[in-house]
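Accompanying notes for the structure given below.
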Amino acid sequence: MRTTISLPIILTLALRATHALKIVLTNDDGWATAQVRAEFDALQAAGFQVLLSAPAINKSGTGSSTATPTVLSGPCEFNTCASGSPATGFNASNPLLNYVNSFPVDSVRFGIQTLAPKLFGSAPDLIVSGSNIGTNLGSISGSGTVGAASEAALEGFPSIAFSGSTGSQVSYTTLQSDPNSSSTLAAHLYTSLIIKFVNALVATPTPFLPKGVSLNVNFAATTSCPSASSFKFILTRVAASSSATDVATCGATRLPDETSTVKAGCFVSVSVFNATTKMDVSAATQAVVLNKLSPILSCRT
Ligand SMILES: *[C@@H]1O[C@H](CO)[C@@H](O)[C@H](O)[C@H]1NC(C)=O
Ligand SMILES: *[C@@H]1O[C@H](CO)[C@@H](O)[C@H](O)[C@H]1NC(C)=O
Ligand SMILES: *[C@@H]1O[C@H](CO)[C@@H](O)[C@H](O)[C@H]1NC(C)=O
Ligand SMILES: *[C@@H]1O[C@H](CO)[C@@H](O)[C@H](O)[C@H]1NC(C)=O
């Protein structure tokens, strides 16, 4: 018996193989932290083309600061490059792993404007910032993770800022050397939630997100929520407000705020924010994201 596969199916499969979605991955904790490297590996394994472009050293809490990258005046974090190394550089055995000796905003800009054309041959489809070590809730303008996501959105690229309660700013080598540490386990758990979230978003038609907005996504601590399946994604708002009118969902016209949500259980808060003001957006803009993500969203109970 002969199995025949129709031409359209062959073409579709070929297109899928050669048109894997292209992701620029960044953070503010630095290019060599365990969390971001766990994500790099998992996003690749999930079939995405991914390049990492992140600060050479810890740049936590630097918001939307920006400066021209400079030659290293000390080593990269965890001694991953020598003092005196160039302002931007990469892992010689894996050029998809890049550092930028400047702020998160400069790192993502370099990833989008310089690395993506060179390494992907085209613009990226999505920018993933973080997951940050430590949450970014309620007042997010000082966060470098949010700063990088905002920069991407303002350059016209869909972006998501992820942050999580559990984990520490440790080297990627600990993923192997310390496979059972809470930091390693959280890196893998949050990564699997990130893959689920990204897959849900990119399953929707383009544009993946409305213009000028980004998403602030925060994971509850893993302490009482040991597996990815124990987490629920909740649409939230950045600022707690008693008078806001939000998109109607879960029987209300006000969304729960992200700060209380992440403390209330095994929840992932998902807030839509204005990339310019880093504040909440209109109900109509929230509605676009609600419709896209409804397959994975739950109500907070
Ligand atoms: C990274 O920088 C932040 C902000 O300055 C600081 O709070 C944190 O302790 C630093 N992390 C490490 C591992 O030094
Ligand atoms: C560079 O890549 C190699 C091969 O994947 C890896 O063994 C090494 O740890 C990496 N170093 C850094 C700093 O990324
Ligand atoms: C990690 O935990 C697993 C399962 O509990 C165990 O089999 C393994 O030996 C542990 N590895 C290390 C390095 O502690
Ligand atoms: C973001 O805020 C700026 C300044 O208030 C405003 O001009 C812009 O329309 C807002 N964008 C979105 C998408 O809400």
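Numbered by mature numbering (1 follows the signal peptide of the UniProt record, and there is no 0), the letters in the sequence shown go through residues -20 to -1, 1 to 281 in order. By construction, the Cβ of each residue, glycine as well, lies at the ideal position given by its N, Cα and C atoms.
On the three-state DSSP scale, how would you describe residue i?
{"i": "Y79", "result": "strand"}
{"i": "N7", "result": "coil"}
{"i": "F58", "result": "helix"}
{"i": "V268", "result": "helix"}
{"i": "T241", "result": "helix"}
{"i": "I214", "result": "strand"}
{"i": "T257", "result": "coil"}
{"i": "F177", "result": "helix"}
{"i": "S221", "result": "coil"}
{"i": "S119", "result": "coil"}
{"i": "F247", "result": "strand"}
{"i": "T13", "result": "strand"}
{"i": "S53", "result": "coil"}
{"i": "S157", "result": "helix"}
{"i": "A263", "result": "helix"}
{"i": "K98", "result": "helix"}
{"i": "E135", "result": "coil"}
{"i": "F188", "result": "coil"}
{"i": "A(-7)", "result": "Low local confidence applies: a pLDDT of 45 at A(-7) is under 50, so the model's placement there is unreliable, with the coordinate-based value given in what follows. Note: A(-7) maps to helix in three-state DSSP."}
{"i": "T125", "result": "helix"}
{"i": "S204", "result": "coil"}
{"i": "F28", "result": "coil"}
{"i": "H168", "result": "helix"}
Spatial neighbours of residue i within its chain, please: CB distance less than 8 Å, with the 5 preceding and 5 following residues excluded, ordered by chain position.
{"i": "S240", "result": "A220"}
{"i": "G41", "result": "D8, G122, S123 and G124"}
{"i": "C279", "result": "I214, T229, C230 and G231"}
{"i": "L270", "result": "L215, V227, T229 and L277"}
{"i": "G118", "result": "V218, A219, A220, D237, E238 and T239"}
Is it buried or exposed for residue i, if we count other Cβ within 10 angstroms and need 16 for buried?
{"i": "residue 282", "result": "Residue 282 is absent from the structure shown; the chain starts at -20 and stops at 281."}
{"i": "A96", "result": "buried"}
{"i": "T13", "result": "buried"}
{"i": "Q266", "result": "buried"}
{"i": "C205", "result": "buried"}
{"i": "K191", "result": "exposed"}
{"i": "S73", "result": "exposed"}
{"i": "V51", "result": "exposed"}
{"i": "Q156", "result": "exposed"}
{"i": "H168", "result": "buried"}
{"i": "S222", "result": "exposed"}
{"i": "K272", "result": "buried"}
{"i": "S53", "result": "exposed"}
{"i": "S87", "result": "buried"}
{"i": "P49", "result": "buried"}
{"i": "K258", "result": "buried"}
{"i": "N160", "result": "exposed"}
{"i": "L63", "result": "Sequence check: residue 63 is Ser here, not Leu. Burial call: exposed."}
{"i": "Q93", "result": "exposed"}
{"i": "L(-6)", "result": "With a pLDDT of 45 at L(-6), under the threshold of 50, the modelled position of this residue cannot be trusted; read the value that follows with caution. With fewer than 16 other Cβ atoms within 10 Å, it is exposed."}
{"i": "A264", "result": "exposed"}
{"i": "G136", "result": "exposed"}
{"i": "G69", "result": "buried"}
{"i": "N59", "result": "exposed"}
{"i": "R(-19)", "result": "Confidence in R(-19) is poor, its pLDDT being 46 and thus under 50, which makes the residue's placement unreliable; the coordinate value appears in the next sentence. Its Cβ having fewer than 16 others within 10 Å, R(-19) is exposed."}
{"i": "T281", "result": "exposed"}
{"i": "S209", "result": "exposed"}
According to DSSP, residue i sits in a beta bridge with which residue or residues?
{"i": "S33", "result": "N78"}
{"i": "G69", "result": "Y79"}
{"i": "G144", "result": "I113 and F199"}
{"i": "V108", "result": "L5 and I140"}
{"i": "V252", "result": "L195"}
{"i": "T229", "result": "A232"}
{"i": "L277", "result": "F213"}
{"i": "S151", "result": "T13"}
Less than 7 Å between C-beta atoms, sequence neighbours within five positions excluded: which residues of the same chain meet that for residue i?
{"i": "N38", "result": "D9, G10, E57 and Q149"}
{"i": "V85", "result": "S44, S45, T46, G127, A128 and E131"}
{"i": "P187", "result": "P138"}
{"i": "S163", "result": "A14, G147, S148, V150 and T154"}
{"i": "L32", "result": "L5, W11, V16, F20, L76, L77 and N78"}
{"i": "A18", "result": "L155, A167, H168 and T171"}
{"i": "P104", "result": "K2, I3, V4, I92, A96 and F137"}
{"i": "P55", "result": "C61, A62 and S63"}
{"i": "T233", "result": "T225 and D226"}
Got a sec: is the Cβ-Cβ distance from residue i to anything in chain C below 9 Å?
{"i": "S194", "result": "No chain C appears in the structure shown, which is made up of a single protein chain."}
Beta carbon shell of ligand 3 at less than 6 Å from a heavy atom: P159 and N160
Within 6 Å of ligand 2: residues by beta-carbon to any heavy atom: A12, T60, N71, S73, N74 and L77
By C-beta, the residues closer than 5 Å to any heavy atom of ligand 1, given in chain order: N38, S40, G41 and Q149
Chain-ordered list of residues that sit, by beta carbon, closer than 7 Å to a heavy atom of ligand 4: P190, K191, G192, V193, N254, T256, T257, V261, S262 and T265
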